[in-house]
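**Student:** Chains as they are written, first to last, in the numbering used here: chain A, -3 to 188; chain B, -3 to 188. Sending over a structure as structure tokens; questions will come in a sec.
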DNA sequence: ACCATGTAAATGAACGTTCATTCATTTTGT
DNA sequence: ACAAAATGAATGAACGTTCATTTACATGGT
């Protein structure tokens, strides 16, 4: 194992530690000292990999967002059917949120705090492009309601975050048959 | 003006200041010293009205949540039509979120961070009872999908918070004709 | 194979700052 | 003249960050 590889391992370790701590107690309960301890490095070592806490958080955000959109559009190539395309991507997104719960929870924490600077947030949004294209196509064909993409997102994707949040608090459980049910609600809200 | 009334005015002033500061920069950028300054009182005075910062935030949360549910169910008495009842309550909720944007933004901040303790959160949930009853009635009549109330909430109410958030960031604008459009999406997602 | 030497990585105590909270004192209202 | 309310400087804890020092590793000469 080379020095560089060790460095990457340590970097990943710090990222994982940050996600864990932020998820369990929020940003204000994730001091650098604890992040360091959980990643089994000294406090000062963090600054060899990240310029500052702000930089650390931004990089974690971008890395997780990237993992998300990679999952969302895995194996996806546009077909003739807008509905099929949307179903594929929607299920990919849902599967990611269930499989990588930690990452999904972290992302939804980020969407509601000013901890992430606007630049990183814009960067993160860029990843959703293919989904917007599906919707545009659907609207051109008269299959999708002719409304703002923000409305389409609010009703077809955003609700998943709420259900995940309730699951996190043991108030609700997303079982497999329910997923199809949830999908139907998502589709019915955006179809024409 | 009695001493007590002055005290209440100061209390309200502190609550407003807390909402403003938390909304603009997040919880971590709302130190007691600034809250005091914005409310035009000395730092130590806060502790005549609130036991601690945690207590202050919890009380703000409960007060705002109360204002929310009072608005949501204002003038509401169950009629024969589940759909009418839901429409009334839904529009009340939407109107509150537009009219009292500060309070609504504060609530959605609270729902996604651990700055509110679980006890206050449970207390806040209790207020939604009447909405759950509308849904139960609708399900009994076969008008509403027979799914978990969390799913109904996720698709019919939660999306409003997302749109509000986008509006807050000047990415989307909720105009009056759009509200009806949004309502239709909400209803179509939960109706049988 | 061994060590000497140079460089990069890692350490953790120390620093300066900020914060919530306290309390001796002053101001206000009755 | 008394009590309640308000003040804001002082306090100590916690935080992000720095840096003098130590440790680990790679390289090249013997």
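The beta-carbon is built from N, C-alpha and C at its ideal position, and this holds for glycine as well.
Please list the residues of the region 36 to 60 of chain B that have a C-beta atom closer than 9 Å to any C-beta atom in chain A, keeping them in chain order.
**Tutor:** Going along the region 36 to 60 of chain B in chain order, one finds no residue with a Cβ nearer than 9 Å to chain A.
**Student:** Check whether chain A comes within 8 Å of residue 181 of chain B, counting only Cβ atoms and requiring the distance to be less than that.
**Tutor:** Cβ-Cβ to chain A under 8 Å: yes for residue 181 of chain B.
**Student:** One question on the structure: do residue 17 of chain B and residue 26 of chain B come within less than 8 Å of each other, judged by their Cβ atoms?
**Tutor:** Contact: yes.
**Student:** Indicate the three-state DSSP secondary structure (helix, strand or coil) for residue 170 of chain A in the structure shown.
**Tutor:** If DSSP states are grouped into helix, strand and coil, residue 170 of chain A belongs with coil.
**Student:** To the nearest whole angstrom, what separates the beta carbons of residue 108 of chain B and residue 104 of chain A, a pair I think is in contact under 8 Å?
**Tutor:** Indeed they touch by this definition, with Cβ atoms about 7 Å apart.
**Student:** Is residue 112 of chain B helix, strand or coil when you go by DSSP?
**Tutor:** Coil, per DSSP.
**Student:** Tell whether a beta-carbon distance below 8 Å holds between residue 86 of chain B and residue 149 of chain B.
**Tutor:** Contact flag unset, no.
**Student:** Can you check DSSP and say which residues form a bridge with residue 140 of chain B?
**Tutor:** According to DSSP, which records beta bridges pairwise, residue 140 of chain B is partnered with B/187.
**Student:** Distance cutoff 8 Å, beta carbons only. Does residue 109 of chain B sit that close to anything in chain A?
**Tutor:** Yes, its Cβ sits closer than 8 Å to a Cβ of chain A.
**Student:** Taking beta-carbon pairs under 8 Å, can you tell me which members of the region 167 to 179 of chain B lie near chain A?
**Tutor:** Per Cβ criterion, the list reads 167, 168, 174, 177 and 178.
**Student:** So, is the C-beta of residue 144 of chain A closer than 8 Å to a C-beta in chain B?
**Tutor:** Yes, residue 144 of chain A counts as interfacial toward chain B.
**Student:** Residues in its own chain within less than 6 Å of residue 9 of chain A by CB, not counting five upstream and five downstream?
**Tutor:** 35.
**Student:** Mind checking residue 39 of chain A: buried by the 16 CB within 10 Å criterion, or exposed?
**Tutor:** Exposed: under 16 other Cβ atoms inside 10 Å.
**Student:** Starting from residue 103 of chain A, trace the alpha helix (DSSP H) in both directions and tell me its first and last residue.
**Tutor:** Where residue 103 of chain A is concerned, the enclosing alpha helix (DSSP H) stretches over 97 to 106.
**Student:** Assuming residue 187 of chain A contacts residue 139 of chain A (C-beta within less than 8 Å), just tell me the rounded distance between them.
**Tutor:** Yes, they are in contact, since the Cβ atoms of residue 187 of chain A and residue 139 of chain A sit about 6 Å apart, within 8 Å.
**Student:** Output, in sequence order along the chain, the residues in the region 20 to 32 of chain A whose CB is closer than 9 Å to any CB in chain B.
**Tutor:** Hits within the stretch, in order: 20, 21, 22, 23, 24 and 25.
**Student:** Nearest to residue 151 of chain A by alpha carbon, out of A/183, A/171 and A/173?
**Tutor:** The shortest C-alpha separation from residue 151 of chain A is found at A/183.
**Student:** Does residue 147 of chain B come within less than 8 Å of chain A when only Cβ atoms are used?
**Tutor:** Closer than 8 Å to some Cβ of chain A, the Cβ of residue 147 of chain B qualifies, so yes.
**Student:** At a CB-CB cut-off below 7 Å, which residues of chain B make contact with residue 185 of chain A?
**Tutor:** Residues of chain B passing the Cβ test: 151, 181, 184 and 185.
**Student:** In whole angstroms, what is the alpha-carbon distance linking residue 174 of chain B and residue 44 of chain B?
**Tutor:** Residue 174 of chain B and residue 44 of chain B: Cα-Cα distance of roughly 46 Å.
**Student:** Counting along the chain, where does the alpha helix (DSSP H) carrying residue 62 of chain A start and finish?
**Tutor:** That run of the alpha helix (DSSP H) goes 49 to 68.
**Student:** For residue 31 of chain B and residue 14 of chain B, I'd like the C-alpha separation in whole angstroms.
**Tutor:** The straight-line gap from Cα to Cα measures roughly 6 Å.
**Student:** Classify residue 37 of chain A as helix, strand or coil using the three-state DSSP reduction.
**Tutor:** Residue state, collapsed to three classes: coil.
**Student:** Find the residues of chain B that neighbour residue 158 of chain A, judging by a C-beta separation of less than 8 Å, and give them in chain order.
**Tutor:** What residue 158 of chain A touches in chain B: 146, 149, 150 and 154.
**Student:** On the three-pair Cβ rule with 8 Å, is the region 66 to 79 of chain A touching the region 88 to 98 of chain A?
**Tutor:** Contact holds: three or more Cβ-Cβ distances are below 8 Å.
**Student:** Can you find a CB in chain B that lies within less than 8 Å of the CB of residue 105 of chain A?
**Tutor:** Yes, contact with chain B.
**Student:** Sorted by chain position, which residues of the same chain lie with C-beta nearer than 7 Å to residue 28 of chain B's C-beta, five sequence neighbours on each side aside?
**Tutor:** For residue 28 of chain B, where only same-chain residues beyond five positions count, the Cβ hits under 7 Å are 39, 42 and 49.
**Student:** What is the DSSP secondary structure of residue 71 of chain A, counted as helix, strand or coil?
**Tutor:** Three-state result, residue 71 of chain A: coil.
**Student:** In whole angstroms, what is the alpha-carbon distance linking residue 81 of chain B and residue 130 of chain B?
**Tutor:** Going by the C-alpha atoms only, they are around 7 Å apart.
**Student:** For residue 53 of chain A, collect the residues of the same chain with a Cβ closer than 6 Å to its Cβ; drop the 5 residues on either side in sequence, then sort them by chain order.
**Tutor:** These residues qualify, in order along the chain: 111.
**Student:** Considering only residues of the same chain and omitting the five flanking positions on each side of residue 168 of chain A, which have a CB-CB separation below 7 Å?
**Tutor:** Correct list, in chain order: 159 and 162.
**Student:** Where residue 33 of chain B and residue 100 of chain B are concerned, what is the direct C-alpha to C-alpha distance, given to the nearest angstrom?
**Tutor:** Roughly 24 Å separates the two Cα atoms.
**Student:** Inspect the beta-carbon positions of residue 154 of chain A and residue 154 of chain B and report whether they are closer than 8 Å.
**Tutor:** The answer is yes: Cβ separation under 8 Å.
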